[in-house]
Amino acid sequence: MLILFSLQLISVYLVQSLEEYYLRNYKESLENQARLLSAFVEPGLADGQMWSEDSVRLAREFRDLHDMEIIILDNYANIVGTSGRQALLGRRLIRNEITRALTGHLSDTIRYDPTAQERRYYLAYPIQDEGSTLGVVYLSGSLKPVDSTLNEVKIILLSGVAIALAVSFILGIILTRTITSPIKEVTDQANFMAGGDFSRKIDVQTSDEIGLLGQTFNYLAERLSSTINEMSSEKSKVEAIINNMSDGVVALDGKGHLIQINPSARQLLKKLNLRIALQRRAGFNLLRSLIGREATRQFIRKQKPLTAEVSSQDPGCTVQVKVAPFKVEKGKLDGTLIVFHDVTRERELTRRQEEFVADVSHELRTPLATVKSYVETLLDGADEEPGTRRRFLAVLASETERMVSMVKDLLVLSRIDSARVDWHMSDVNLKDLALEAVEQIRHKSSDVSPVINVAIKDSFPRVFVDRDKIMRVFTNLLSNAVKFTPPEGEIILTAGEDGDFIKVLIEDTGRGIPEDELPRIFERFYRVEKTRSRDYGGTGLGLSITRKVVEAHGGSIWITSSLGVGTKVWFTLPRAGVGEGVVK
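Spelled out as structure tokens, the structure:
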């Protein structure tokens, strides 16, 4: 009787455990399908344009894919879609679980269907939009496969019990010890399975009832192990996604222990000069380092999401930190999720935009102030003297031309940055282009300008460029060289071959550029000698435009200089025949 009682106890325990397991999985499956279906249905219900034909088609497609009955109801419990009889469309369907779902709560139940003579699982999932319930997805699925599996298990277990009982009556005390050992092994196996260990197998040495029971347990262990492996695989996929996210993710349990941290989070924390220690409550210490002690205390007390920004000066890094609670049960914080998003680039872009606006305002302030003062002076009567009027008007014309040039240069930079420039590429003779640029500079310069020599052979390879834009590169660079080279100085323009590119050098014997100024020389509005540059009429945008044009051709530009010796400017251009497709 003791053996019989043990077998019955184990059988009941396993059947109940299996039933709870299958029902739980089945509920999760229905809930996932309902959530997915509600995502398709919700936009139509929210707009009030959910046609029954669309609902019917969607319901049937889900039924065919997932083998379940589907009913879609609006917020008045009217059927707007069904995978079954179309005569139900437009009717109200009132059931306890539907009524509860219309209040915004997920509801489910199990009922016996006398028509199909089977148990069915019913789940009502609310369709919500911004807190209001738009309708209900009502799913029902047959529990016949679950019941069949459980019945098979029951039959197998009952058969084993019956066989064991018959054998126990026949053999009695003689086989007591023989039976005790296998029963104990089966019991141990049940405990291992309940504890999640499915790798252990029962050593079946006989083909009697106990052996059959052992085989049954081994079969159950294999099935459950397979199911758990599938779940572990899904978990691994999620972990792979988290570990390969560009955003950092840190998860803490309710006690502040670190339970998950991805590589991106470690990198961002390293940039912020914060160290992670896998010790007790290290997570809350990290949280305090990120958002402060008081903010951490308020978060733990109120359990509401918050956002903060953390910066590090060395290296320059700004990280947006989002902190949110999860698994909050009975008012207790059961876990915390911290998400890190690197916003360094966005903040740097904002800073540069602000600097750009400030620079433009600053650059326009001086000519506008000059124009304003001269106009006021003319209005006060200075225009009565012809010489003064002409001089004032000349100054006004000069300042106006300077502002017009600045606006034109800004428009050019804007078009290049936004890729709205038309490039007219062709094979160009580099020497002819250089000579034409030199002629333009000589025409604009005074008679006491330095000598400009072009040392390029007539047979030099052609380049594949936009002629007009590269002409501007030459004139910008030559103009700067002329401005800052004394009349007795010299400017030399040479070129050489460099693989698929042509390297051009413009060298002058001017006063040079300080070494600490070179890193910023291509910045917009940056001038080495601000007063002299303005006197020469420069806008401070020429080198910025030059670099943009050269880089758009796939080339590069750089400058070396020595004070009192001169400056060398190199840039590269694609050779004809190999430059097609280079322009960006």
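First residue of the sequence shown: 351, per the working numbering; consecutive thereafter.
Positions of the beta carbon are idealized from the N, C-alpha and C atoms, including for glycine.
A quick note: this is a predicted structure, and the numbers were derived from the prediction, not measured.
Would residue i and residue j qualify as a contact pair, given that the criterion is a beta-carbon distance under 8 angstroms?
i, j, result
"L827", "I856", "yes"
"G914", "G839", "no"
"L447", "D463", "Here residue 447 turns out to be Glu, not Leu, going by the sequence shown. No, the pair does not count as a contact, with Cβ atoms beyond the cut-off."
"I806", "A845", "yes"
"L785", "F851", "no"
"T917", "D858", "yes"
"M484", "N425", "One detail in the question is off: residue 484 reads as Leu in this sequence, not Met. The answer is yes: Cβ separation under 8 angstroms."
"Y472", "E381", "no"
"G860", "T825", "no"
"K819", "V899", "yes"
"K597", "V689", "The residue you asked about is not Lys; residue 597 is Asp in the sequence shown. Yes; because the gap between Cβ atoms is below 8 angstroms, this pair is in contact."
"V486", "L452", "yes"
"V338", "A615", "In the structure displayed, the chain extends from 351 to 934; residue 338 sits before or after that span and is not available."
"G510", "T577", "no"
"A902", "I766", "yes"
"I421", "V391", "no"
"N568", "I592", "no"
"S799", "V823", "no"
"A427", "R442", "yes"
"M821", "A787", "yes"
What does residue i pair with, by DSSP beta-bridge criteria?
i, result
"M418", "In DSSP, M418 forms no bridge with anything."
"H691", "Q670"
"Q703", "Paired residue(s): none; Q703 is not in a bridge."
"Y471", "I460 and G491"
"V660", "V669"
"Q478", "T483"
"N803", "I842"
"V815", "S776"
"D424", "G485"
"I429", "L423"
"G685", "D603"
"R442", "N428"
"P675", "T686"
Mind reading off the beta-carbon distance from residue i to residue j? Whole number of angstroms is fine, and I expect it under 8 angstroms.
i, j, result
"V804", "K781", "7 angstroms"
"E559", "I513", "3 angstroms"
"E419", "G440", "Incorrect: roughly 18 angstroms between the Cβ atoms, too far for contact."
"S356", "I533", "6 angstroms"
"T686", "P675", "6 angstroms"
For residue i, which residues in the same chain have their Cβ closer than 7 angstroms to its Cβ, ignoring the five residues on either side in sequence?
i, result
"N623", "S662"
"V660", "L622, L640, V669 and V671"
"E370", "none"
"P665", "K621"
"F810", "L780, K781 and A845"
"K853", "A845, G846, W920 and T922"
"A384", "L473, Y475, V487 and L489"
"E644", "none"
Going by beta carbon distance, what residues of the same chain come within less than 6 angstroms of residue i, once the five residues before and after it are set aside?
i, result
"L761", "none"
"L438", "I429 and T432"
"Y724", "F742, V745 and L746"
"L637", "T646"
"V693", "T668 and Q670"
"V710", "none"
"T720", "E749"
"V928", "D850"
"Q610", "A601"
Ignore the nearest five residues each way along the sequence and tell me which others in residue i's own chain have a CB closer than 8 angstroms to its CB.
i, result
"E468", "Y462, S492, L493, K494 and D497"
"A396", "D479 and L484"
"L714", "M753 and M756"
"E535", "I552, D553 and G564"
"R817", "H774, S776, V778 and L783"
"L763", "R874, L891, S894, I895 and K898"
"V365", "L500, V503, K504 and L507"
"T537", "S356 and I360"
inquiry  = As an exercise, report each continuous alpha helix (DSSP H) stretch of at least 4 residues that is fully enclosed by the stretch 598-656, in chain order.
reply    = Qualifying alpha helix (DSSP H) stretches, in chain order: 613-621, 632-641 and 643-652.
message = Report the start-end ranges of each alpha helix (DSSP H) in the stretch 512-569 that is 4 residues or longer and not cut off at the edges.
response = Counting only runs of 4 or more, we get 526-544.
ask   = Counting only runs that start and end within the stretch 846-924, where is the beta strand (DSSP E) found for 3 or more residues in a row?
value = Fully enclosed beta strand (DSSP E) runs of 3 or longer: 851-858, 907-912 and 916-924.
inquiry  = Which runs of the beta strand (DSSP E) at least 3 residues long sit entirely within the stretch 703-790? Give them in chain order.
reply    = Within the stretch 703-790, the complete beta strand (DSSP E) runs of at least 3 residues fall at 775-778.
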